[in-house]
Each structure stands twice: as structure tokens, then as C-alpha cells.
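Just below is one structure, and these are the notes that go with it.
2 protein chains.
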Amino acid sequence: MNKTTNRRKSAAALPEFDAVLPRTRRAQIAETLRDLILTGKIAPGSQLVEQAIASRFGVSRGSVREAIWELVDQGIATNRPYAGTFVIDIDVKTMRELYSVRGALERYCFTEIWPRRTREFRTEFEARHATLVAAIQKQDRAEAIKAEMHFHSHPYEFSQNGVLLETWHQLSKRIQLSFAVSQVHVRGEDFIEECNRYLAAAIGDDLSMIHGEIDRHLQLGMDAIPHMDETGAEHADAVAPK
Amino acid sequence: MNKTTNRRKSAAALPEFDAVLPRTRRAQIAETLRDLILTGKIAPGSQLVEQAIASRFGVSRGSVREAIWELVDQGIATNRPYAGTFVIDIDVKTMRELYSVRGALERYCFTEIWPRRTREFRTEFEARHATLVAAIQKQDRAEAIKAEMHFHSHPYEFSQNGVLLETWHQLSKRIQLSFAVSQVHVRGEDFIEECNRYLAAAIGDDLSMIHGEIDRHLQLGMDAIPHMDETGAEHADAVAPK
DNA sequence: CAGGATTTGTGCGTATGTATA
DNA sequence: ATATACATACGCACAAATCCT
């Protein structure tokens, strides 16, 4: 039944790395659910009913249960004991917080890698940028979100700082979820221009410039927020006027 | 069998708040295990055997299994499919990363709260500081570690930024684990003096001063690291030019 | 390099606690 | 206040993979 675990050890030299680590049901279910949630196919606030998901996937409740808890621990679902597990419904305040913490993290990241950037760093960044632009022009919303995350992950991956990267991944999942919540339409040429500026600053020579771009870039994201209705925005304006 | 569920509803007015939120077995087991790990009573690298823990606690394997996965998702244990879950054995590189990311986070935190600090902020900070000093003087290692975490959590809690606080909690658990790994002895008067300086800067009027103190404070922690033997530091110098 | 012991991964039935309509 | 749906928890069985001798 598990077709992914055929590990043939041939005598030839194997250029393959990352040797197909055995994926458990738990991991597969969690990944599938996470994808469904982050792309908005499972609406925020939905209850994740174990039995329903189990029969839908054709697995046992136990596996589903564990997968669901993985989502809870990752912050994209929440659990009320004996009541159920529900997809997080991010409010405006949390979105602001996500952006502000991300800003601090990203400024720090660029500061760290700045003198260590190589030619490869730039070419890879440009490649991801091209993918992102293509996705935006195709008006493929899901693809664009994924591409943007991949684009912005690059400096973190390049930092060689595992803790920093993990922290970013934690944040990025919830940021991605916030995209699904606020139905921000695929932004057009303006946004492409914005990404161009970001990229230019990131591979340029002036550290303070990318810091400024980060602030601008995130400010744009926050400006798109107020379109949301006040679904749970009790503390929406607890932030000081800047 | 469950003796804690006798819920007598008397007619008298109940001054009790925080009405005993239902704690599941999963949560209790996870907390107990986490405490055992973070205080070093379960050594880093140990395998967490489900059946053994289950019979030790007198619960089913399923509950233990879920609790263990909570630890994995929190980053203080790691799982290899079909091989087992093991308490993380933090290496030197990861410790450095933890400290550096924490530094960035903490500088940002103070920057955010700086103009919003109230009198209450100061008094609470001083109270936690006093607790920490007392613990150090008592030479109670476990108590001191807990007190230090509580002390340093205060600015994050005061920030009213839930995302920032969660991120800190994630980091702090692993930092606490690193304390258990590196058998840093309870430091003496020097360290108390260090904490005094930190507190003074934190409640003072010069933002750049607390930024400097953060760097110094973390530098002290990193300086204590090289004492570690290479107990499981296989990848310790994977950063250096080979 | 076998092969058995150990441990995890998964499934299923069942009983009970809890929330909610 | 009752009923129902669901989560929580237990126990057992077996498959699958790893570890160890």
C-alpha cells in the first residue's frame, strides 16, 4: 500500500541525496490538510472532524488525530478540549503582529548575510523573483502566494542559520494563512514593480536600503488588511499611530 | 476511575476564577515530560519509549504517543520514523544560533515597548529580578534557570504582541534545554551583577544602552558554551572551512 | 549478513467525558 | 433537561521498520 518506501540500494554511485525519508501517514495527512488550509480550500474557522477526515482519506482516526495536532502545534489550528479542533481565524491584530515580527526578523537576516552574499545568492534570488513575477502575471493566486513565500525564504535559507530559518517557517505558515483569510486579489503591475525594487535592494550594496524596502514591503501588506470585516477584530486599533 | 471530575454545583456565589480549564491527559503528560527534560532529569539524546512511559504513568500508549509528538513539534525532541523519538541533543552551532536570534528578537522587543513602559512594568520587572537573585544565591540550579526565563519573559509579555511572545516561548524552551545540556554551574556574584546592569538598563531611559546590555548578556552565555565536550557534537564544526 | 528482538506505525472496537443544539 | 455528536482515552492486534547480536 505504501508505494514510496521502495529503497533499492544499487551498487552504482548514487548522485541522489535526501534519500526519500520514509513518510508516515501522519506526515502525509498533515501536509495535505495544511495545503488545503493554506490555499483556502478549507475555510478559516472550520472544524476539523476526525471521523469525517479519516473516512475521507481512508485511514484510521488515530492517524488523523495526530496530524491535526501537528497543525495545532504549528499555529494554524486551535483546539478546545472535548469541543474540537478548528482552523485558525486570524484577526487583524494578529496579522499586524505577524508583519511586525517578520520585519524584525528579516532586517536581522539581511544584516547577518550582507557581507557573505555570493554571486550564487544573487542568481538564485533572481530566479525565484522571475518565478514569482510569472505567477503574478498568470493571475494564478495560489501559485503566486507559494512563489512569494519561496522568494522571501531565500535569504533565510542562505543565512545557514537553522534556528532563524525555522522561526521564519513558523511565521510564514501563518502569514500564508492570513493571505487565505483576507482575500487579497492577485495584485498587478504595481506589485511586480514593488518586488523589483525589493530584489534590487536585496542584491545591491546598501544595507540600509533593503531595510527600508522591508519596511515598505510589509507596510503594503498591512495596508491591504483593513479591507477585512471586523471578524474578531476587537483590539484592532490597539496599535499606536506611527 | 477519574477522580477529578466530581463537579458539585453549589448555589453559593463562587469567588473562584480561572475555572479549572479541562486538562487532557495529553497535556499533563506532555508538561511532565517537558519539565523532566528541561530540568535535565531526562538526559539529552535519550529515547522516549512509548510503552515504558505509558506503564510508568499508568496511561495508555496512545496518550503518551501524542504527548511525545507535542514535544517533537515544540522542537525539544526529534523523531525518526520507526526508529523512535529522542530528546534533542543541542550542538554548539545551534546554541549560537539560538542566542543570536534571541538577541535580534529582544532588541526589537525593547524597541517596541520603549515608549510604552509604565511604572507597573518597572515594578514587575524588579520583582522578577529579585526572585532571580534569590534563586541564584540559594544555589538552586533548577530554580535559577526557571527564574531567569521568567525574568526575561517580562518584556515580551508586556509587549502585548502575541506573535512575538509565542516566538519567544518557542526559543526559550530550547534555550532552557541548552542550559540542561551545558552543565553551566550556577553562576555567582558576577552573574548577579550582570543581571543588575541588565535590569537597570531595561528600566532606564537610554534605549541604546539596553541594546548593548542584550548583546553583552548573550555574549556571556555564548562564552560559556565552548566548555562543552563533544558529547554528540558531530556537526559542531560543520561551519568551519573543512 | 542473516534473523530475532524491540519499537514504532496503524487500525479498530469500545467506553466515557464534554459540548452543543 | 435531554439527546446527539464528537472528542478523549483505553486496549488490543498486527504490520513495518529498525536495531542488535
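Going down the list, the protein sequences come from chains A and B.
In this text, residue positions in the first sequence follow the working numbering: the first is 1, and each later residue adds one.
In this text, residue positions in the second sequence follow the working numbering: the first is 243, and each later residue adds one.
All C-beta atoms, glycine included, are put in the ideal place defined by N, C-alpha and C.
Where V87 (chain A) and R307 (chain B) are concerned, what is the direct C-alpha to C-alpha distance, given to the nearest angstrom? 23 Å
Applying a beta-carbon distance threshold of less than 8 Å, which residues of chain A neighbour G304 (chain B)? G62
For a quick check, are the C-beta atoms of L38 (chain A) and K173 (chain A) less than 9 Å apart? yes
What separation, rounded to the nearest whole angstrom, lies between the Cα atoms of E243 (chain A) and L340 (chain B)? For residue 243 (chain A) there is no data in the structure shown, the boundaries of chain A being 1 and 242.
From R303 (chain B) to T131 (chain A), what distance separates their C-alpha atoms? 47 Å
Beta carbon of T370 (chain B) nearer than 9 Å to that of F393 (chain B): The question names Thr, but residue 370 (chain B) in the sequence shown is Arg. Result yes, Cβ atoms of R370 (chain B) and F393 (chain B) sit closer than 9 Å.
How about I53 (chain A) and S178 (chain A): are their beta carbons less than 9 Å apart? no
Cross-chain neighbours of Y108 (chain A) in chain B, by beta carbon under 9 Å: S342, V343, G345, A346, L347, R349 and Y350
Can you have a look at H411 (chain B) and say buried or exposed, based on whether 16 or more other CB atoms are within 10 angstroms of its CB? exposed
Can you tell me whether L278 (chain B) is buried or exposed, with buried defined as 16 or more other CB within 10 angstroms of its CB? exposed
Looking at the structure shown, is A319 (chain B) part of a helix, part of a strand, or coil, going by DSSP? strand
From B:F400, B:A377, B:S342 and B:S305, residue whose alpha carbon lies closest to that of D457 (chain B): B:S342
Measuring alpha carbon to alpha carbon, tell me which of B:G282, B:A325, B:R322 and B:F400 ends up nearest E366 (chain B). B:F400
Going by DSSP in three states, I301 (chain B) sits in which element: helix, strand or coil? At residue 301 (chain B) the sequence reads Val, which differs from the Ile that was named. It is coil, neither helix nor strand.
Between the beta-carbon of A443 (chain B) and the beta-carbon of G430 (chain B), is there less than 9 Å? no
What number of angstroms, rounded off, separates the C-alpha of Y298 (chain A) from the C-alpha of R267 (chain B)? Residue 298 (chain A) lies beyond the range of chain A shown here (1 to 242); nothing can be said about it.
According to the neighbour-count rule (16 or more other Cβ atoms, all chains shown, within 10 Å of its Cβ), is G84 (chain A) buried or exposed? exposed
Quick check: S440 (chain B) and L406 (chain B), are their CB atoms within less than 9 Å of each other? First, the residue type needs correcting, since residue 440 (chain B) is Tyr and not Ser in the sequence shown. No, the Cβ-Cβ distance between Y440 (chain B) and L406 (chain B) is not below 9 Å.
Put Q293 (chain B) into one of helix, strand or coil per three-state DSSP. helix
Cβ atoms of I445 (chain B) and E354 (chain B): under 9 Å apart, would you say? no
Which whole-angstrom value is the C-beta distance of T336 (chain B) and G162 (chain A), which I expect to be below 8 Å? 6 Å
Coarse secondary structure for Q84 (chain A), derived from DSSP in three states: What sits at residue 84 (chain A) in the sequence shown is Gly, not Gln. Residue state, collapsed to three classes: strand.
In the structure shown, what three-state DSSP assignment does P155 (chain A) receive? helix
Pull up the distance between the alpha-carbon of I175 (chain A) and that of R344 (chain B), whole angstroms please. 21 Å
Under 9 Å between the Cβ atoms of L71 (chain A) and A30 (chain A)? yes
Under 8 Å (Cβ pairs) to chain A, residues found in the region 391-405 of chain B: Q402, N403, G404 and V405
By Cβ distance, which residues of its chain are closer than 6 Å to N438 (chain B), with the 5 residues on each side in sequence left out? none
By Cβ distance below 7 Å, which residues in the same chain neighbour I42 (chain A) in space, the five residues on each side in sequence not counted? L36 and V87
At the level of alpha carbons, what is the spacing between S63 (chain A) and S55 (chain A)? 11 Å
Local conformation of T266 (chain B) per DSSP, three classes: coil
Under a three-way DSSP split, which group does S10 (chain A) fall into? Note that S10 (chain A) scores a pLDDT of 39, beneath 50, so its modelled location is shaky; the value from the coordinates is reported in the next line. It is coil, neither helix nor strand.
Give the DSSP-derived three-state secondary structure of K388 (chain B) in the structure shown. helix
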